[in-house]
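>
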Amino acid sequence: MGKRCGEELFEKYLPFYGYPHHIYSDNVYYYVLFKRQSIVVCYDIYGEIKWQWQLPFPVHPHIAVFQGTVYLPDTQLNRVLLYKYQDWSSGCCLHLKNPYIRNLNLRLKEKENDKLLIAKICHLANGQLVVSDINHDCLLYISNGGDIVSRLSLPSTATDICQWDSNQIGVTLPLEKQLRVIGNLSKTVRSVSLSHPYVQDLTVSDKARHIHLDDIPLRFGDKQSVEINSLVITGNNLIVGYDKKNKNLIIVTFDGKILDSIKLNVVYRINMCRWQSNTIAITTGDYNNQLLTLKVEFPLSLVIYQTEKEYYRIASFSNNQMLCSGRRDVCSLYVVEIDEIHLTVNEIKQIDIPETLLTRDEYHGRYDDDMLDIAVTTHDMIIVGNERFIIFFNSDGQYLHSVRHYMGYFGDKNKMTIDDSYLYIYGVWDKYRVFIAYNSILCWTEIGEYNKIFLNKRIYKDYVNFPSINCKGPRFVGSNWNKLYIEGLFKLNRERFPISRLRTDIYPVQVKDIDISDKGHTVVCEKVNNGNLKIFDEDGKLLCCRNAGSLVGGVCFTREGNILATFPNRQEIFQLKQQGLEKYKVWQSRVPYGVIWRKVGNIYLCVHINLIDCDSIKIDGEQLEVLKSFALLKLDSDFHFPSISSQMNNEIFSNELINKVKYSGGDERGEKRAKSGEITCKSRLKVRCGNYIAESMSGIDEISVRRLPHRTSIVPLSIPTFDEPVNYDCMDIRDNNSKLIKLDDNVSVLLFRDTVILIRTTTGDILQHKQLPQQPLGICRWTDERFIVVFGKEMMVFNRDLCRLETIETKKYYNTIYKYNDNQLVCGGYYIRDITPHERDKHYGRFFYNNNFHYFCKDPNAYNSYYVDVVDLNDGTCKYEVCHGKTSEYGKLEGDSVVFDVVVTYFGDVVVARREKEEGGQWCDDDHYFVDWYTEQSLVRRIKLQPRYNRSKYNIYRPCLTAVDEYVYIKDAQDNIYQIPGHIESQTFEDSEHLQTKDIEKYLLLREDDNEVFQVLGFDISDNSFMVFGIFPGHQSFAFFHYDK
40 MGKRCGEELF EKYLPFYGYP HHIYSDNVYY YVLFKRQSIV VCYDIYGEIK WQWQLPFPVH
100 PHIAVFQGTV YLPDTQLNRV LLYKYQDWSS GCCLHLKNPY IRNLNLRLKE KENDKLLIAK
160 ICHLANGQLV VSDINHDCLL YISNGGDIVS RLSLPSTATD ICQWDSNQIG VTLPLEKQLR
220 VIGNLSKTVR SVSLSHPYVQ DLTVSDKARH IHLDDIPLRF GDKQSVEINS LVITGNNLIV
280 GYDKKNKNLI IVTFDGKILD SIKLNVVYRI NMCRWQSNTI AITTGDYNNQ LLTLKVEFPL
340 SLVIYQTEKE YYRIASFSNN QMLCSGRRDV CSLYVVEIDE IHLTVNEIKQ IDIPETLLTR
400 DEYHGRYDDD MLDIAVTTHD MIIVGNERFI IFFNSDGQYL HSVRHYMGYF GDKNKMTIDD
460 SYLYIYGVWD KYRVFIAYNS ILCWTEIGEY NKIFLNKRIY KDYVNFPSIN CKGPRFVGSN
520 WNKLYIEGLF KLNRERFPIS RLRTDIYPVQ VKDIDISDKG HTVVCEKVNN GNLKIFDEDG
580 KLLCCRNAGS LVGGVCFTRE GNILATFPNR QEIFQLKQQG LEKYKVWQSR VPYGVIWRKV
640 GNIYLCVHIN LIDCDSIKID GEQLEVLKSF ALLKLDSDFH FPSISSQMNN EIFSNELINK
700 VKYSGGDERG EKRAKSGEIT CKSRLKVRCG NYIAESMSGI DEISVRRLPH RTSIVPLSIP
760 TFDEPVNYDC MDIRDNNSKL IKLDDNVSVL LFRDTVILIR TTTGDILQHK QLPQQPLGIC
820 RWTDERFIVV FGKEMMVFNR DLCRLETIET KKYYNTIYKY NDNQLVCGGY YIRDITPHER
880 DKHYGRFFYN NNFHYFCKDP NAYNSYYVDV VDLNDGTCKY EVCHGKTSEY GKLEGDSVVF
940 DVVVTYFGDV VVARREKEEG GQWCDDDHYF VDWYTEQSLV RRIKLQPRYN RSKYNIYRPC
1000 LTAVDEYVYI KDAQDNIYQI PGHIESQTFE DSEHLQTKDI EKYLLLREDD NEVFQVLGFD
1060 ISDNSFMVFG IFPGHQSFAF FHYDK
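Residue numbering for the sequence shown follows our numbering, beginning at 40 and increasing consecutively.
Below is the structure:
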């Protein structure tokens, strides 16, 4: 204990329960925070304990104390919790009375949906609370009532704040290498330069960035460029990565600078996790029964501990105990504690994985080594990922529940990571596991509910091939061997980006007008920086900028992708090339124009700066022709304007009044422009071209670009007759016969295994369910009140109450059906015969998947015949045959169909989806998948869909068909969904000139990157939206995904 001048008064040893994280004082008592145990202990000035208190959740590393009140940040809910003990006389016991007083709920009024990220807090002498918000790089001054009374912007992130004296606070800004002393009232700033060996970058990057490690110069002793195959983010916000090539642990900043390294000569894979403050724990695969810790401070400190077992996967609890998996031990987990004095690791508890969740190797009579990764949440919930399930345990090791993830993995990688709210899992849909092109990272809640796709090929702009991923707070880091991928999480909104402020900009950026191209490029003109034009790509990257030297009234894209800009002061319209924004053409206008937008083709609408008159103009070569002039007040009901009588000011050149108007038509190429619309709110700008929508507000510095189709909601559901997780098996014929059909806009029927279920489409409510008397093969809608289920040579008609109305016997075997007219069905099937055990042994092989054996044909000379018929519903007889053929059975699963789906178009054409393999084809030959159109038994169109892949031929692939009005919708091998019109340009009817997948790319509705369903069981389309239904990962096994289109 010492005086303020530094003179020591006395010394006393205190009974600490571990390493204290921080010490606070309010001039009467001292408060010691033990982060490891989440305990605050109050001492008087003589070192006597007055009270101690277990905090209600794993503590944020910074608290504040003022006049006996503890202020505890809750970073998940953007609030500060207040706790105080009224009675200090009862010693160090925990009080029965809850010390909670109230909470301060913090929100920025102008950005209420933006999450604050509270880094540090401190108190002023007047009772105000100062909060460092690292999401917005500012200090917030909070009143006693919780209101934000003032806000002080900072040039970068503040990593610590404290009370400097009664009139000032101190703030550290490591990126500026400064300590700033700020006046409480005057806000005057005094800066002191700092220097530190590890400058921490705590800024939150909302947009992704790539750090190329190949560009880093070789360090002393390194012979190859850096390649990271395992990484973790430390408590002091640095990245520790294992450089596999040079066998080093390296310390890397978030901007890719290597600060330090230490040799770790490991032959096999290592695993790492955060442990104590700024310290990581490491397991190696070198069979040496060791666990290592590395303290990431200057200098680096590596400690080796002996273990009783060979541990492999590792994660840390909030009390600094660790969770480990044993090498070659797939059935158990171990809770261990490090003895820092004796350099040993003590095993405390064993947690057993339920046997039903393990994968058995039937060939070798043991369990597969399928424990892929482990994680521990901020609340010490244990999460285990194995080959089929994500398994959840509480902190005591008690099993809670499990979910199917339907993901396959490659090699020995870190596949799971967790932040304060979400779990991230890296992998690929199990049915695509041979191709890295389909790798993605999925986001889940901490209890196993699916949330979204976090990262895939479309977002990442490359194959997602990460050997290691890790999260901490607002950061996600992935290693792609020779480069790092970094992205912010708390404010993550990939659709929104700020308009870049340039060094040449005199004033802050304010959006005035925007337009978007069919490629997602956005052109922007500014409100205050007159003459500024900027172009951004769909991800917000600045492509080009130019100052035109004169006031810009409005901007829009031409059909060819160039840009038109109006210059009202000069009464001119410029055409600018998108590359470089170079002036290409100039037209003189008869009046000064402000807003301009393309109506159709080369016809544009231009608004006079008086906001009363509007001209429809046509630009043809060098000529500008006014086609029509009209008053805005006389527009038809497709246009909506506010009152413009009082708007004669400098804002008349902006789109804040005009661009809320959406033209409802398309151009001659069928391009969709923004829809006829309402004024959703004052000053909103919104434009659409093709599958892109750009949106902003006049006067702000941000733009939102949304790519359609855009998922608007998920409606998950469970089926009462099946226990969750359902454990859908893509190799099981019964599961692959599953299908959803729509009876009307609100009610759908799901055929799943041996059950039919009536579902309310909008809410997922189960209305009725019934177990069928035998295994069904297909289903179709008959009327709004009835549907038909096919069972091979028998069909049953059901009503909405799931009462069987009649049974129809057929002469032939059918597996798929569709309504043709009021009396007939179109039915697809194939010849089937019973297979004796002898024939199965001779002609079929088997493999083990998902704890079941599956059989496939291994006879290259086996083939099967298929047919599609029009069948009379009254007597079940075939009226005529639409088509027939035969295909090789080689490599096909036993019982798999040949004709997968049939539909009937608005024009009466029969469309057939089928599989074909040439007779005598080889195992490695691709299966061919065709969608054929027949008009009166004549083939009029054929589309050959791209095959799935060249391996694992017994994987079942079934194209799905839906017919709505004049369109047929096709789901292909990659889960792309196409909207095929009744007529395709340049189509040919000769079999030798089939349409390929590339020929229908322009009709793509939903790209596989955006399809979040593991197995599509049905979909439906309306004018402005569509729905995809199927199996998906998570707590419930089925879901409706609704999209805007």
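A virtual CB, placed ideally from N, CA and C, is assigned to each residue, including glycine.
Roughly how many whole angstroms lie between the Cα atoms of A952 and T944?
Straight-line Cα distance between these residues: approximately 14 Å.
> Alpha carbons only, please: which of R820, T800, D823, V836 is nearest the one belonging to L811?
It is V836.
> Label V169 either buried or exposed according to how many other C-beta atoms from any shown protein chain fall within 10 Å of its C-beta, with 16 as the threshold for buried.
buried
> Take D914 as the anchor and find which of Q863, A414, Y870 has the nearest alpha-carbon.
Q863
> By how many angstroms is the C-alpha of C999 removed from the C-alpha of G1069?
12 Å
> Kindly list the residues whose CB is nearer than 6 Å to the CB of V942, restricted to its own chain and excluding five residues on each side of it in sequence; keep chain order.
Counting only Cβ-Cβ distances below 6 Å, and skipping sequence neighbours, we find Y857, V950, L1000, A1002.
> On the criterion of 16 or more Cβ atoms from any shown chain inside 10 Å, does R443 qualify as buried, or is it exposed?
R443 comes out buried.
> Could you give the residue range of the alpha helix (DSSP H) that holds K881?
Residues 876–882.
> What residue from N854, N358, M834, K566 has the CA that sits closest to E845's CA?
M834
> Within the same chain, show all residues whose beta-carbon is closer than 7 Å to that of F1053, passing over the 5 residues directly before and after it, in chain order.
Y445, W468, G1069, I1070, F1071, P1072
> Counting Cβ pairs closer than 8 Å, one from the region 885–894 and one from the region 765–772, do we hit at least three?
yes
> Name, in chain order, the residues that DSSP records as bridge partners for Y350.
For Y350, which the question treats as bridged, DSSP gives the partners G365.
> Tell me D652's beta-bridge partners as DSSP assigns them.
DSSP output for D652 lists A670 as bridge partner(s).
> For Q1013, is the classification buried or exposed, using 16 other Cβ atoms within 10 angstroms of its Cβ as the cut-off for buried?
buried
> Tell me the DSSP secondary structure of H134 in three-state form.
Since pLDDT at H134 reaches only 42, below the 50 mark, its modelled position is unreliable, and the value read off the structure follows with that caveat. Looking at H134 - three-state DSSP - the assignment turns out to be coil, as it is neither helix nor strand.
> Mind checking who K778 pairs with in its DSSP beta bridge?
For K778, which the question treats as bridged, DSSP gives the partners L790.
> Using 8 Å as the threshold, is the region 740–752 in touch with the region 588–599, meaning 3 or more CB pairs across them?
The region 740–752, when compared against the region 588–599, does not touch it at the 8 Å Cβ threshold.
> Reducing DSSP to helix, strand and coil, say where D254 ends up.
helix
> Quick one: what does DSSP say Y888 is sitting in, helix, strand or coil?
Three-state result, Y888: strand.
> Suppose you measure from the CA of I492 to the CA of W483; what does that come to, to the nearest Å?
9 Å
> Classify T849 as buried or exposed, calling it buried when 16 or more other Cβ atoms lie within 10 Å of its own Cβ.
Residue environment analysis places T849 among the buried positions, since at least 16 neighbouring C-beta atoms fall within 10 angstroms of its C-beta.
> Sorted by chain position, which residues of the same chain lie with C-beta nearer than 6 Å to H1074's C-beta, five sequence neighbours on each side aside?
A distance below 6 Å between beta-carbons, with the five flanking residues on each side excluded, links H1074 to the following residues of its chain, in chain order: V442, G487, E488.
> On the three-state DSSP scale, how would you describe I1023?
Looking at I1023 - three-state DSSP - the assignment turns out to be coil, as it is neither helix nor strand.
> Just to confirm the assignment: which complete beta strand (DSSP E) runs, minimum length 3, are found wholly within the region 451–522?
As for any beta strand (DSSP E) of minimum length 3 sitting wholly inside the region 451–522, the runs are 455–457, 461–468, 479–484, 489–494, 507–511, 514–518, ordered along the chain.
> With C-beta atoms as the reference, is A1089 less than 8 Å away from I656?
Because the chain is modelled from 40 through 1084, residue 1089 falls outside the range shown and cannot be assessed.
> Considering only the alpha carbon of each residue, which of K725, Y1082, K622, N521 lies closest to N268?
N521
> Please report the Cβ distance between I1085 and D172, rounded to the nearest whole angstrom; I am assuming they are in contact, meaning their Cβ atoms lie under 8 Å.
The structure shown does not extend to residue 1085, since the chain is modelled only from 40 to 1084, so the question has no answer here.
> What residue does the beta strand (DSSP E) around G831 start on, and which one ends it?
Note, G831: beta strand (DSSP E), 831–838.
> Just how far apart, CA to CA, sit G709 and C363?
Because G709 carries a pLDDT of 36, less than 50, the predicted location of this residue cannot be relied on, and no value is offered for it.
> Quick one: does the C-beta of L439 sit closer than 7 Å to a heavy atom of the ligand SAM?
The ligand SAM is absent from the structure shown, which contains no ligand whatsoever.
> Pull up the distance between the alpha-carbon of G640 and that of R598, whole angstroms please.
6 Å
> Can you give me the C-alpha to C-alpha distance between Q106 and D65, rounded to a whole angstrom?
6 Å
> Determine, using beta carbons only, whether L218 and I181 come nearer to each other than 8 Å.
no
> Using a Cβ-Cβ cut-off of 8 Å (strictly less than) and excluding sequence neighbours within five positions of L396, which residues of its own chain qualify?
Non-local beta-carbon contacts of L396 in its own chain, meaning distances under 8 Å to residues more than five positions away in sequence, involve N425, R427, F428, I430, S441 in chain order.
> In whole angstroms, what separates the C-alpha of E611 from that of E577?
29 Å
> Nearest to S628 by alpha carbon, out of E565, D1038, C653?
C653
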